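Report on one structure; see the data block that follows.
Numbering (my numbering), first residue to last: 16 to 322.
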């Protein structure tokens, strides 16, 4: 059985492409931090490569490229949210950090440019198209253009769905399988949406400096809360309407958390999350993959929330 050491592959590729030792040493720390949270996207890439019985040794480079892109976008997301505290890059000034993020995006693309595969052009096309889609989704998220659940789901379809689709598509193309990608992109999009909803559900009861509520994000459970009739949640609405500050919100922390739990916002979000998991599974189960054993490993991965 082949094993894949994504972290050391990322280290080796960084050493190959970047001559500046200071830059390399900082990015090593970023990679270590990423590993602690799990290389979720490269796991999807490798699983799909295996599901289609891929044999190319270039898969580990492609999986590393996927993680580099997502690391870059994580950093940019933190810069935009002014939310660097507690991360490996938390002490780095914004200008330098942005430079690292830009560099990581180009490292990711350069890795894919340099791989030796017949379908490299298709890989690069999907890399650019889906990354552009994800960044447009991030733009909509940053500017809080949604006012209802349907609009929010459309935003995370672009943002999270596109990045998940990219990870999956690269795995399939590295395997050089000729399977039509439409259905694969469809279920990968559902997986991305479900993953974001899971994150939203986990975050909504956090009332610290890194929370969605603190940053007035309009996530799925927050939209539910803002339309909830409970008078005890009126303070959350007041905060989102700029009528009170975060300090006043925190003074009522225990009451607010209790009301959020009582509102069933988390359960409601998790129901929708499960709907999208089941939509993905329905498509996956209807596909005859080259390696059925890996297909069922992938199904277990989905049902386990990506663990």
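Quick reminder that beta carbons are idealized off the backbone N, C-alpha and C, glycines included.
Just so we're clear, the structure is a prediction, and the values are computed from it rather than from any experiment.
Item, Value
"Within 10 angstroms of the Cβ of residue 263, are there 16 or more other Cβ atoms? Answer buried if so, exposed if not.", "exposed"
"If you check the beta carbons only, do residue 90 and residue 118 fall under 8 Å apart?", "no"
"Cα-Cα, which of 124, 122 and 93 is closest to residue 109?", "93"
"Rounded to whole angstroms, how far is the Cβ of residue 130 from the Cβ of residue 182, which I believe are closer than 8 Å?", "Not quite, the Cβ-Cβ distance comes to about 15 Å (not below 8 Å), so this is no contact."
"For residue 173, is the classification buried or exposed, using 16 other Cβ atoms within 10 angstroms of its Cβ as the cut-off for buried?", "buried"
"For residue 185, count neighbouring C-beta atoms within 10 Å of its own C-beta (all shown protein chains included) and say buried if the count is 16 or more, exposed if not.", "buried"
"So, are the CB atoms of residue 177 and residue 210 less than 8 Å apart?", "no"
"What's the call for residue 126, buried or exposed, on a 16-neighbour Cβ count within 10 Å?", "buried"
"Does the Cβ of residue 269 lie closer than 7 Å to at least one heavy atom of the ligand NAP?", "This structure lacks the ligand NAP, and indeed carries no ligand of any kind."
"What is the rounded straight-line gap between the Cα of residue 212 and the Cα of residue 284?", "6 Å"
"State the DSSP-derived secondary structure class of residue 196, mapped to helix, strand or coil.", "coil"
"Need the endpoints of the alpha helix (DSSP H) that residue 153 sits in, please.", "135-157"
"Have a look at residue 189 and residue 239 and give me their C-alpha separation to the nearest angstrom.", "41 Å"
"Using C-beta distances below 6 Å, list every residue in its chain close to residue 310, excluding the 5 sequence neighbours before and after it, in chain order.", "66 and 304"
"Quick check on the DSSP output: what are the complete alpha helix (DSSP H) runs of length 4 or more inside the region 179-247, in order along the chain?", "197-218 and 235-241"
"So which of 123, 294 and 103 has the shortest CA-CA distance to residue 24?", "123"
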